[in-house]
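Novice: Take the sequence shown: its position 38, counting from 1, is numbered 72 in this note's numbering, and each next residue is one higher.
Glycine residues also receive a C-beta, built at the ideal position from the N, C-alpha and C atoms.
Please read all numbers here as calculations on a predicted model, not as lab measurements.
The structure is given below, and queries will be raised subsequently.
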Amino acid sequence: MLNITIVPLVLCYLVVCIILMCLCRFYWTRRKLYVASYNYDGPLAFPIIGNALSFIGHNDKILMKLYHIVESYQPIPMRFWLGPVLALVFSSPDHAEKILSSSKFAHKHDLYKFLQIFIGNGLISGSGSNHKLHRRIIQPMVNLNFVLVHLDIVHKHINECISSLNDFVGKGTFNILEHVHKCFRDIIKELIFGVEAKSQLDGENKFDQVIVEFYDIIFSRLMKVHLQIDFIFNMTSLKKKQTKYRDLIRNLVRQFIKEAQEKKKLKLNGSSFNPIINQMNEFLEENPGFFDEDTFIDHILTLYLAAEDTITVISAFLLLCLGMNLEYQVMVSKLL
């Protein structure tokens, strides 16, 4: 008769063996990926968790840690591991251009599922033939001519930003990003959604606050390996926030679409002002059923997020450089 005290040990032994067999199978099926990773330099990574220890802490600090890691390997491509996920970082614009323009990258990695929770299969997070078709339709709507036609809107909000910055003249350093962000929120919101925004005058509205929370949740899931596991994430408070903010942000965009449709019926926008949301509505009127309302929300929300965040960072960095180099301020003023 088997000694009862041995049973737990046997069970533990079996469990350990099963776990080891699963790990061996997991690593064996991914052996080509690990071999390929040796072609790239990067920080020391540990089994299973990868470089997760480098990304412990608050999101603001994680971003600076990531910056210092990438900076130490520039300009060559580098790799790091987000748990079992291999991430390659290309800091050279030439490398990025070749990758983004390649037709071989039509399908997105599984990590994009964290974005898809909020923005569905939009122009950034979508994949496949439908994504390529939708991109060909929407991209021509957002071109240089569109911006040039609506320069009066851009000037209006930039003048408000300049007025607010005058209050800081001669008062030492301040965070330029906050003011530039409000300015471009208003610009992009009006050009894409067709709504007159006043973040610079009235402060953040509900839409702006939800967008900030959206960024925080996505960044947390991308950089913290344990939050990538749905079972663990669903037990955290972030899961409730994610559901709440996802519904809020999509309902707000749905409201923007309805307002744009009503304005067009009442002809409130005027003939010269044709925001992106109107152009997409016009396309759907000419091509009914091309995509449904949820896909409409995916695309229009993606356009806003991609434009607002990118232009804000570029403009804030430019102003910072001008502030640090007075001689370039003189050159710019002469050009203008």
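For the beta strand (DSSP E) holding Phe114, just list the boundary residues, first then last.
Specialist: Where Phe114 is concerned, the enclosing beta strand (DSSP E) stretches over Met112 to Leu116.
Novice: Report the rounded CA-to-CA distance for Asp281 versus Lys66, giving the unit in angstroms.
Specialist: 40 Å
Novice: Looking at Gly156: is its Cβ nearer than 8 Å to the Cβ of Thr336?
Specialist: yes
Novice: Ile266 to Leu354, Cα distance in whole Å?
Specialist: 41 Å
Novice: Where does Met35 land, buried or exposed, given buried means 16+ other C-beta within 10 angstroms?
Specialist: Residue placement at Met35 is flagged as unreliable, the pLDDT there being 47, under the threshold of 50; the coordinate-derived value follows with that caveat. It is exposed - the Cβ of Met35 has fewer than 16 other Cβ atoms within 10 Å.
Novice: So what's Val229 in DSSP terms, helix, strand or just coil?
Specialist: coil
Novice: Hey, Phe325 and His168 are a contact pair by Cβ (cut 8 Å); roughly how many whole angstroms apart?
Specialist: 7 Å
Novice: Return the residue from the list Lys166, Gly206 and Ile210 that minimises the CA-CA distance to Ile196.
Specialist: Ranking Lys166, Gly206 and Ile210 by Cα distance to Ile196 puts Ile210 first.
Novice: Does the Cβ of Val203 have 16 or more other Cβ atoms within 10 Å, making it buried, or fewer, making it exposed?
Specialist: exposed
Novice: Helix, strand or coil for Ala121 per DSSP?
Specialist: strand
Novice: Look up Asp75 in the DSSP assignment and say whether it is helix, strand or coil.
Specialist: strand
Novice: Which of helix, strand or coil does DSSP assign to Met35?
Specialist: Residue placement at Met35 is poorly supported in this model, since its pLDDT is 47, which falls under 50; the coordinates are not used for a value here.
Novice: Please list the terminal residues of the continuous alpha helix (DSSP H) segment that includes Tyr101.
Specialist: Asn93 to Glu105
Novice: Quick one, are the C-beta atoms of Tyr107 and Asp75 less than 8 Å apart?
Specialist: yes
Novice: List the endpoints of the continuous alpha helix (DSSP H) containing Pro127.
Specialist: Pro127 to Leu134
Novice: If Ile310 and Ile226 are in contact, beta carbons under 8 Å, what's the gap, nearest whole angstrom?
Specialist: 5 Å between Cβ atoms; contact.
Novice: Which residues does DSSP list as the beta-bridge partners of Gly84?
Specialist: The partner list for Gly84 (beta bridge, DSSP) reads Phe80 and Leu116.
Novice: Can you tell me whether Met269 is helix, strand or coil according to DSSP?
Specialist: coil
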